[in-house]
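> Here it is, the structure in full.
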Amino acid sequence: MSSNLRIAIIGQSNFAADVLELILERSKFQVVGVFTIPDKGSREDVLATTAASHNIPVFKFASWRRKGVPLPEVLEQYRSVKAELNVLPFCSQFIPMEVIDGARLGSICYHPSILPRHRGASAISWTLIEGDEVAGFSIFWADDGLDTGPLLLQRQTNLEPTDTLDTIYKRFLYPEGVKAMGLAVDMVADGTAPKIVQTEVGATYDPAMFKVENQQLCLAQSAVGIFNFVRGLDSVPGAVATVVLDDGTEEQVRFFGAHLYSAGPVKDGKALKLKGLAKPAWVHEGGLLIEGTDGAFVNVRRIKRGTKMINASDWFKQAEHQPITDFSEDELAKKVQLASIWQAILKAPIEGATDFFAAGAGSMDVVRLVEEVKDAFDVPLENENVFMAPVFDEFFDQLVRNLRQGSGGAGGKQVEYKGFQLKANKRDIRVPTQLFINGEFVDAEKNRVLDIVNPTDETVLCEVACASTNDVDKAVQAAHKAFFGSWKQVSARQRGQLMLKLADLMEQYKEDLATIESVDSGAVYTLALKTHIGMSIDAWRYFAGWCDKIQGNTIPVNPARPNNVLTFTRKEPIGVCGLVTPWNYPLMMLSWKMAACIAAGNTCLIKPAQTCPLTALKFAELSVLAGFPPGVINVLPGKGSDAGQAVADHPLVRKLGFTGSTPIGKHIMKSCADSNLKKCSLELGGKSPLVIFADCDLDKAVKHGMSSVFFNKGENCIAAGRLFVEDRIHDEFVRRVLKDLRSMTIGDPLNRSTAHGPQNHKAHMDKLIEYCERGVAEGAKLVYGGCRVPNMKGYFFTPTVFTDVEDNMFIAQEESFGPIMIISKFNGSDVDSVMTRANRSEYGLASGVFTKDISKALSFADRIEAGTVFVNVYNKTDVAAPFGGFKQSGFGKDLGQEALNEYLKTKCVTIEY
Ligand code: NAP
1 MSSNLRIAII
11 GQSNFAADVL
21 ELILERSKFQ
31 VVGVFTIPDK
41 GSREDVLATT
51 AASHNIPVFK
61 FASWRRKGVP
71 LPEVLEQYRS
81 VKAELNVLPF
91 CSQFIPMEVI
101 DGARLGSICY
111 HPSILPRHRG
121 ASAISWTLIE
131 GDEVAGFSIF
141 WADDGLDTGP
151 LLLQRQTNLE
161 PTDTLDTIYK
171 RFLYPEGVKA
181 MGLAVDMVAD
191 GTAPKIVQTE
201 VGATYDPAMF
211 KVENQQLCLA
221 QSAVGIFNFV
231 RGLDSVPGAV
241 ATVVLDDGTE
251 EQVRFFGAHL
261 YSAGPVKDGK
271 ALKLKGLAKP
281 AWVHEGGLLI
291 EGTDGAFVNV
301 RRIKRGTKMI
311 NASDWFKQAE
321 HQPITDFSED
331 ELAKKVQLAS
341 IWQAILKAPI
351 EGATDFFAAG
361 AGSMDVVRLV
371 EEVKDAFDVP
381 LENENVFMAP
391 VFDEFFDQLV
401 RNLRQGSGGA
411 GGKQVEYKGF
421 QLKANKRDIR
431 VPTQLFINGE
441 FVDAEKNRVL
451 DIVNPTDETV
461 LCEVACASTN
471 DVDKAVQAAH
481 KAFFGSWKQV
491 SARQRGQLML
501 KLADLMEQYK
511 EDLATIESVD
521 SGAVYTLALK
531 THIGMSIDAW
541 RYFAGWCDKI
551 QGNTIPVNPA
561 RPNNVLTFTR
571 KEPIGVCGLV
581 TPWNYPLMML
591 SWKMAACIAA
601 GNTCLIKPAQ
611 TCPLTALKFA
621 ELSVLAGFPP
631 GVINVLPGKG
641 SDAGQAVADH
651 PLVRKLGFTG
661 STPIGKHIMK
671 SCADSNLKKC
681 SLELGGKSPL
691 VIFADCDLDK
701 AVKHGMSSVF
711 FNKGENCIAA
721 GRLFVEDRIH
731 DEFVRRVLKD
741 LRSMTIGDPL
751 NRSTAHGPQN
761 HKAHMDKLIE
771 YCERGVAEGA
781 KLVYGGCRVP
791 NMKGYFFTPT
801 VFTDVEDNMF
811 IAQEESFGPI
821 MIISKFNGSD
831 VDSVMTRANR
841 SEYGLASGVF
851 TKDISKALSF
861 ADRIEAGTVF
871 VNVYNKTDVA
881 APFGGFKQSG
891 FGKDLGQEAL
901 NEYLKTKCVT
911 IEY
């Protein structure tokens with residue numbers, strides 16, 4: 001082997017630079033000169049940079065000859081390095097024969113096809129376009145023809161049906177090509193390199209695909225022919241097609257991401273006319289479907305319109321925003337500044353169409369870009385913004401929007417809607433009143449509306465759109481599309497970030513949200529701040545943390561000897577989830593369910609209770625600001641009997657999360673089974689027992705006993721529906737409760753001193769009055785309240801206390817869902833009996849016990865049939881603790897890790913190896 005072999009590298013690009021590095025790594029030979037192209041602007045070819053870093057002389061020639069004659073000064077410089085072998089890894093220039101033959105051992109050259117097939121500049125494209133079964137490369141001895149010299153070595157690989165120009169280059173032609181160039185140099189050095197004369201049999205010379213006229217896609221051919229052409233030009237430059245628009249004008253576009261399609265007719269396709277195609281193509285949710293002349297189909301997933309790449313399925317979608325055209329001088333100056341930031345990162349000249357990633361940027365470059373732009377322009381920006389607008393002009397457009405919008409503009413966009421102006425609590429709040437479907441606020445079908453009543457003064461606050469079955473279908477379709485489209489592109493960690501951002505926005509607007517909740521549902525403002533809104537924010541933050549921690553198991557199963565087996569599980573989102581919620585904690589019920597549902601990776605639509613949907617709509621607005629893609633969250637106020645029922649019945653909804661009454665829960669479960677056997681979880685009514693032993697801390701028992709019933713005006717699913725108080729302290733307990741009740745402030749829920757606000761709506765208040773009348777009729781002793789608060793406008797119901805309640809009475813068995821305390825006595829020597837009485841209910845949501853005796857408390861916790869047990873406390877829920885009932889209080893948990901499982905499915909994968 002000639003170890004001092006003097007080599008000249010002639011070429012350009014990363015491929016040539018890697019060949020140079022490989023030759024140098026072996027340190028057997030001497031690279032005496034590198035000949036490459038001149039700098040483009042300030043950007044040097046990477047081969048020159050690499051050579052310079054190894055102190056190798058670099059020569060940059062714009063051309064080697066003029067009018068067919070070699071330039072003497074160029075020849076002289078080439079000869080000065082005294083190369084014995086020329087290596088041409090990738091060379092776009094015409095090299096004169098004086099140079100090719102100027103080295104003692106000649107010139108070896110890389111070509112990305114199996115010569116003599118596909119001679120010429122676009123060999124890889126033609127390998128795909130012609131439908132070859134194998135692809136490969138040749139290293140040959142250069143001569144005076146175009147790729148005609150004798151062969152030194154060749155390598156080949158089977159072409160996969162999913163291969164494109166990009167994949168075949170990246171997976172084979174590049175990495176194997178670099179190695180083979182190294183081997184070829186070794187073979188030349190040790191004298192074993194063959195010179196196999198190329199035959200002319202099977203030789204092809206193919207047109208260069210960098211000419212636009214050659215990039216035109218012929219649609220009058222088979223589906224396979226169309227598919228091969230598109231993938232042969234994917235991802236650069238893309239196959240050119242012409243769309244004939246409705247007004248007869250034509251638009252030239254480029255196609256990417258083609259695959260053969262055999263899944264049968266598309267649903268809900270919309271016709272698109274393509275020039276040169278006899279039948280219309282179809283835009284459908286999976287792309288653009290084109291029928292070849294053989295009747296088979298090819299589907300195209302992405303279309304480039306101008307500089308913007310869109311999903312083909314979005315062709316008919318109204319552009320999200322028109323590009324900005326009215327840039328100010330200041331903004332144009334910023335454009336120059338932005339271009340210099342891009343240029344410094346990409347080390348390449350920047351044009352409007354420069355794509356950050358196509359120009360070679362990686363994830364660290366994204367971070368650098370974001371940080372530099374934030375620093376330079378003092379504008380909020382996130383990595384996500386770069387992924388969403390990777391082309392320079394789009395990125396600048398987005399930057400200007402953010403700058404114009406101020407700090408609210410990062411990630412999400414402002415959303416327009418019809419709404420009403422709520423002036424309350426010294427605030428002026430804009431509240432949406434339309435349905436929220438696919439990221440937009442829209443009217444309901446036939447403009448149907450619901451009256452929203454303020455329970456404090458019985459006035460109509462506003463009209464809110466009332467969803468129909470068709471509206472529900474639109475929302476489901478949007479959620480379905482997002483689930484299989486945009487939402488899939490969002491990684492688990494990004495999902496968590498979106499949720500955290502939403503939680504931050506909820507925090508930012510918490511006074512607005514609490515005010516709306518107070519006016520809409522009658523919630524006491526201070527409680528709304530802490531619980532209705534505070535716990536909602538907690539739920540979003542808690543579940544955001546789960547997003548990137550959802551994982552399966554590896555499971556040791558019996559091996560299939562002599563082979564081994566690997567079995568693992570994956571936790572996957574279920575798909576489109578329907579959520580139906582009640583009116584007692586409107587935003588909190590939404591958040592408990594939706595945060596878990598979204599964290600698990602699902603998309604959803606929610607039908608909030610018809611009486612108080614306003615915080616859900618304000619929340620929808622915030623979800624846009626947070627940057628959730630359209631269709632992931634949909635909010636549809638409406639009636640349970642039609643919109644709610646339509647959610648339960650819809651065949652594309654795969655899971656229903658329901659909170660409400662037991663009778664409706666049962667009905668819904670049947671609908672879930674009959675429609676498509678959708679999974680459901682039911683958080684239903686309760687009649688929770690609270691047992692107070694005489695050995696308790698009585699002050700504490702009275703305080704918690706009061707809140708166990710009167711918290712949130714009794715509109716609390718875990719409210720203690722029955723209090724069993726030991727006979728020794730019964731009278732004292734009742735006396736203290738009545739004392740506290742007499743000093744309870746009832747009034748405007750926005751007033752900070754108010755402890756008890758109006759019931760949620762009139763029908764509910766009327767039901768409470770009837771409930772008390774029935775209690776009295778059955779012989780229970782009404783010791784306080786039982787009626788509407790006299791002389792007061794609004795749905796104010798007096799907190800009520802019944803004693804001497806017998807187990808068989810209606811009020812002992814049925815939930816009131818209002819501020820009604822039902823007290824029965826028990827004898828402290830007969831713990832078994834009180835346990836039996838506490839469990840004698842078809843409900844099993846929550847329970848409580850007050851005692852200082854730890855054994856009694858734990859025995860109670862063992863024996864009570866309820867999903868939640870409170871000991872010496874009540875209502876202490878937390879977003880990390882699972883919440884849900886037993887028996888006819890339903891099944892499936894909200895909150896805690898268990899809630900995630902309600903929105904996940906487990907897939908088991910087994911591999912033999
Ligand atoms: P509900 O009458 O059962 O209503 C709950 C939700 O279901 C509402 O949005 C309602 O719509 C909707 N709905 C009604 N009929 C429907 C149907 N056929 N198909 C689909 N959806 C339908 O309960 P509520 O009166 O609003 O709430 C009070 C009940 O909820 C109480 O029993 C309480 O215990 C329970 N709750 C339980 C929990 C828990 O976690 N276990 C929490 C809170 C409340 P409309 O708005 O049109 O009525």
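In full-length UniProt numbering, the protein residues as written are 1 to 913. Beta carbons: idealized from backbone N, C-alpha and C, even for Gly.
(1) Could you tell me whether the region 775-790 touches the region 557-571, where touching means 3 or more Cβ pairs closer than 8 Å?
(2) Can you give me the Cβ contacts of ILE574 inside the same chain, cut-off strictly under 8 Å, excluding the 5 residues immediately before and after it?
(3) Under 8 Å: do the region 191-200 and the region 241-258 share three or more Cβ pairs, one atom per stretch?
(4) Who are THR567's beta bridge partners in DSSP?
(5) Following a CB-centred definition, is PRO819 positioned closer than 8 Å to any heavy atom of the ligand NAP?
(6) Would you grab the beta carbon distance between VAL373 and LEU403 for me? Rounded to a whole angstrom, and I think it's under 8 Å.
(7) Just tell me which of ALA278, GLY232, PRO758, ALA223 has its CA closest to the CA of TRP126.
(8) Per DSSP, what kind of secondary structure is GLY232 in: helix, strand or coil?
(9) Just curious, the alpha helix (DSSP H) that SER508 is in, first and last residue?
(10) Which whole-angstrom value is the C-beta distance of PHE658 and GLU683, which I expect to be below 8 Å?
(11) Out of LYS481, PHE568, ALA16, state which residue places its alpha-carbon closest to the alpha-carbon of VAL909.
(12) When DSSP builds the beta bridges, which residues end up paired with MET821?
(13) Just the C-alpha distance for VAL300 and LEU289, rounded to the nearest angstrom, thanks.
(14) Going along the chain, which residues of its own chain have a beta-carbon closer than 7 Å to the beta-carbon of ASN158, five neighbours each way excluded?
(15) Report the rounded CA-to-CA distance for TRP583 versus SER829, giving the unit in angstroms.
(16) Rounded to the nearest angstrom, how far is the Cβ of GLY513 from that of LEU587, given a contact under 8 Å?
(17) Residues in the same chain with beta-carbon distance under 7 Å from LYS793, minus the five sequence neighbours each way, listed in chain order, please.
(18) The alpha helix (DSSP H) spanning GLN12 covers which residue range?
(19) Any idea which residues DSSP pairs MET309 with across the strands?
(20) Using a Cβ-based criterion (distance less than 8 Å to any ligand heavy atom), does LYS607 qualify as near the ligand NAP?
(21) Using CA coordinates, which residue listed in GLU331, CYS462, ASP428 is at the minimum distance from LEU400?
(22) Between which two residues does the beta strand (DSSP E) carrying PHE870 extend?
(23) Quick check: is any heavy atom of the ligand NAP less than 8 Å from the C-beta of LEU684?
(24) Quick one: what does DSSP say GLU25 is sitting in, helix, strand or coil?
(25) Quick check: the Cα distance between LYS762 and LEU614, rounded to an integer number of angstroms?
(26) Taking C-alpha atoms, which residue in THR199, ALA142, GLU84 lies nearest to PRO116?
(27) Can you tell me the Cα-Cα spacing of CYS218 and GLY131, whole angstroms?
(28) Taking 8 Å as the cut-off, is the CB of HIS650 close to at least one heavy atom of the ligand NAP?
(29) Is SER671 close to the ligand NAP? I mean its beta-carbon at under 8 Å from any heavy atom of the ligand.
(30) Where in the region 92-155 do unbroken runs of the alpha helix (DSSP H), each at least 4 residues long, occur, reported from the N-terminal end onward?
(31) By the three-class DSSP mapping on this structure, what secondary structure does LYS700 have?
(32) With the cut-off set at 9 Å, would you say HIS704 and ASN872 are in Cβ contact?
(33) For the alpha helix (DSSP H) containing THR662, list its first residue and its last residue.
(34) Can you check whether the C-beta of GLY786 is within less than 9 Å of a C-beta belonging to chain B?
(35) Spatial neighbours of LEU450 within its chain, please: CB distance less than 6 Å, with the 5 preceding and 5 following residues excluded, ordered by chain position.
(36) What does the Cβ neighbour count give for ARG104, buried or exposed, with the cut at 16 atoms within 10 Å?
So, from the data block:
(1) no
(2) ALA600, ASN602, ARG654, LYS655, LYS679, TYR903, LEU904, LYS905
(3) no
(4) ILE555, THR910
(5) no
(6) VAL373 to LEU403, Cβ: 10 Å. No contact.
(7) GLY232
(8) helix
(9) Position check: residue 508 holds Gln in this sequence, whereas Ser was assumed. From DSSP, the alpha helix (DSSP H) with GLN508 extends over 492-508.
(10) 7 Å
(11) PHE568
(12) VAL801
(13) 6 Å
(14) GLU133, VAL134
(15) 41 Å
(16) Residue identity differs from the one stated: residue 513 is Leu in this sequence, not Gly. Confirmed, about 6 Å.
(17) ASP457, GLU458
(18) Neither: GLN12 is in no alpha helix (DSSP H) and is coded neither H nor E.
(19) LYS304
(20) yes
(21) Rather than Leu, the amino acid found at residue 400 in this sequence is Val. Ranking GLU331, CYS462, ASP428 by Cα distance to VAL400 puts GLU331 first.
(22) 868-871
(23) yes
(24) helix
(25) 18 Å
(26) THR199
(27) 15 Å
(28) no
(29) yes
(30) 97-100, 123-129
(31) helix
(32) yes
(33) 662-676
(34) Looking at the structure shown, chain B is missing, and only one protein chain is on hand.
(35) VAL464, CYS466, GLN610
(36) exposed
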